[in-house]
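Each remark here refers to the structure printed beneath this line.
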Amino acid sequence: MSAWRRLLPASLKVRLVVAFVLCLVVAWSGAAGLVWRASSAYIDEFFDVQQLHMAERLALIDFGSLPEHVPDTRSLFDTLNEGSGVSAGGAGSDTLHFALFDTRGHILLTDALGEESFHYRPGVRGFENTRIRGAGGIWRIVWLSSADGHFVVAVGQDLAYRQSIALRLLTIQLGPWLAVLPVLLITLLWVLARGFRPFGRLQRELDARRPQDTAPLRTAAGLPSEIAPLAHALNGLFRRMAAMIARERAFIDGAAHELRTPLAGLRIQTELAALSEGDPDTQREALGNVLSGIDHVTDLAEQLIEFSRLDALRDTGASLPLSPVPWADEVARALEAQEARIRGRHLEVQVSTDPHSRLPEGHPLLVALLVRNLVTNAALYTPEGGTIRIRLDSGGLEVANTARPLPREDAARLGESFFRPPGQAQQGSGLGLSIVRRVAELHGMECRIIAPDGASAPAEFRVCLVFPAGAAGSAPNAGAADRAGP
169 MSAWRRLLPA
179 SLKVRLVVAF
189 VLCLVVAWSG
199 AAGLVWRASS
209 AYIDEFFDVQ
219 QLHMAERLAL
229 IDFGSLPEHV
239 PDTRSLFDTL
249 NEGSGVSAGG
259 AGSDTLHFAL
269 FDTRGHILLT
279 DALGEESFHY
289 RPGVRGFENT
299 RIRGAGGIWR
309 IVWLSSADGH
319 FVVAVGQDLA
329 YRQSIALRLL
339 TIQLGPWLAV
349 LPVLLITLLW
359 VLARGFRPFG
369 RLQRELDARR
379 PQDTAPLRTA
389 AGLPSEIAPL
399 AHALNGLFRR
409 MAAMIARERA
419 FIDGAAHELR
429 TPLAGLRIQT
439 ELAALSEGDP
449 DTQREALGNV
459 LSGIDHVTDL
469 AEQLIEFSRL
479 DALRDTGASL
489 PLSPVPWADE
499 VARALEAQEA
509 RIRGRHLEVQ
519 VSTDPHSRLP
529 EGHPLLVALL
539 VRNLVTNAAL
549 YTPEGGTIRI
559 RLDSGGLEVA
569 NTARPLPRED
579 AARLGESFFR
589 PPGQAQQGSG
599 LGLSIVRRVA
609 ELHGMECRII
619 APDGASAPAE
629 FRVCLVFPAG
639 AAGSAPNAGA
649 ADRAGP
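Numbered by the working numbering, the letters in the sequence shown go through residues 169 to 654 in order.
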């Protein structure tokens, strides 16, 4: 099949014209075969009837009363056509020929073929196809006995004559179609040229398009239904590209803004350490601040990389390789990583898991990233002496922590990239909840962020991940029992 495709021309117009001509040739060949077969059958039937009628009339003649010399029919036709103006019409001198034999096989009377052509066949009556001397080709002859039984009449015709008539009928019928073939081809080329104009307009618009232009195609409105889906798909691609470019620009702007502040602080602390050579305590404090700033920048860089990878996964639309995930173990590991912060701020941690619930499968690394960001966010922003509650069951994962009320407009923006409510004393990048949302989206989970508004008690900040319905995976580990403690 690939070799056959390589033989095809690259031009779609040429392919259509070639296919059209081939279809016409096949259709006309089939029609010609049917016409030839039908015409030949009809002509055979027609001339068989003519031969039989002529033989019947000859058999009724009283041959004893005929004169000794009978006119030659071939010369008679010539006389009628060239003589005194009497026309023989469309009859030809070679249409039908006859011969008269006695019962012993002696030829008594014939037209123009003569005795050497017709051969007496004793006992043969009716039609037969045979080859006769002096005439060439196959002849169809009908044999019939006279009324008195003393004579045998033979009427014959060359089958080539019948075939010539069938060919003439075929030419008359198919000739006009062959004559209009150039007209059909010219019309087809004209229609194709007009039909392919939208492709040309679309090509010219795409050639003139700037790389940063993501506006919809102007030519999409007047396109035929066959190529309109292509233009709509391109417009959809441009919309997705515009959204991706906007996200990338926002990401770059946010990253630059988030990096500017800690880098400026690092510079100040480094200069302070350099200027405090005579004051060891001040220098030690400045260097400690430098190390803390480096840790913060490192965490921010890691979060930026993780967020960028998640965005790339979402943009490509690739399916994640899923496998059973020990959700409870991931929660325990995330709490262990924040153990120092939890103890230092005297936070109470309450963990509730259902050992019999079936939890969904997931990407192990991304699930670990999701749980780590949730627990880190709760440990970082819970006030000193507050409470962190974690609930894990077949319905989902919920992480709640004591928090101060937030204005409604700030609460609505939680989860946006690089957004941090004003008044935050803790250092952060504003990417933690964004990463949680991206991972949840890639796993088909619903992420609900509920911030306290001051009207309800207790004032809790909650992040609820709702697992997809029917997503059964592994059960929580038996070792990850409920935990409560500082």
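Every residue gets a Cβ at the ideal spot worked out from N, C-alpha and C, and that includes glycine. Just so you know, these numbers come straight off a predicted model, no measurement behind them.
Less than 8 Å divides the Cβ of ARG330 from the Cβ of ASP212. Contact between PRO636 and GLU628 fails: their C-beta atoms lie close to 25 Å from each other, not under 8 Å. LEU490 has its alpha-carbon roughly 6 Å from the corresponding atom of GLU529. Between GLU498 and the set THR382, THR271 and LEU538, the nearest pair of CA atoms involves LEU538. ASP375: member of the alpha helix (DSSP H) spanning 365 to 375, first to last residue.
Separation of the CB atoms of VAL631 and LEU542 is rounded to 6 Å, and the pair is thereby assigned contact status at 8 Å. Under the three-state reduction of DSSP output, GLY291 falls in the coil class, being neither helix nor strand. Under the three-state reduction of DSSP, SER313 is assigned to strand. Under DSSP, no beta-bridge partner is assigned to ARG407.
Judged by DSSP in its simplified three-state form, GLY390 adopts coil rather than helix or strand. A straight-line Cα-Cα distance of about 6 Å links ARG616 and LEU633. Excluding five sequence positions before and after GLY553, the CB atoms of its chain that fall closer than 6 Å to its own CB belong to HIS514, given in chain order. Annotated three-state conformation of VAL493 is coil, per DSSP.
Look at the beta carbons and you see the region 406 to 420 not touching the region 387 to 396: under three pairs across the two are nearer than 8 Å. The beta carbons of VAL321 and LEU220 sit no closer together than 8 Å. For CYS615, DSSP records a beta bridge to LEU633. For ILE395, there is no enclosing alpha helix (DSSP H), as DSSP gives it neither H nor E.
In the DSSP assignment, SER520 forms a beta bridge with ARG559. LEU180: member of the alpha helix (DSSP H) spanning 180 to 227, first to last residue.
Between the region 325 to 341 and the region 197 to 211, the count of Cβ pairs shorter than 8 Å is three or higher; the stretches touch. ALA199 has its alpha-carbon roughly 42 Å from the corresponding atom of SER313.
For ALA546, the enclosing alpha helix (DSSP H) has its first and last residue at 532 to 549.
When rounded, the separation of the alpha-carbon atoms in ARG362 and LEU346 is 25 Å. Contact check for PRO430 against VAL465 passes: the beta carbons are separated by less than 8 Å. Nearest Cα to ALA223 within the set TYR210, ALA267, SER207 and LEU184: ALA267.
Of the other Cβ atoms in all chains shown, 16 or more fall within 10 Å of the Cβ of SER602; this residue is therefore buried. Here PHE269 is near LEU276, since their CB atoms are less than 8 Å apart. Contact annotation, LYS181 with PHE367: C-beta distance approximately 10 Å; criterion of less than 8 Å not satisfied. The three-state reading of DSSP puts GLN341 in helix, counting H, G and I together. Shown here, ASP447 sits in coil according to DSSP, grouped into three states, outside any helix or strand. Leaving aside the five residues that flank ALA547 on each side, the residues in its chain whose CB is nearer than 6 Å to its CB run, in chain order, GLN506, ARG509 and ILE510.
It is roughly 11 Å from the alpha-carbon of PRO290 to the alpha-carbon of PHE319. Between LEU455 and ALA441, the C-beta gap is smaller than 8 Å, which places the two residues in contact. Counting along the chain, the unbroken alpha helix (DSSP H) around ASP578 starts and ends at 576 to 580. Buried is the label assigned to GLU474, since at least 16 other Cβ atoms lie within 10 Å of its Cβ.
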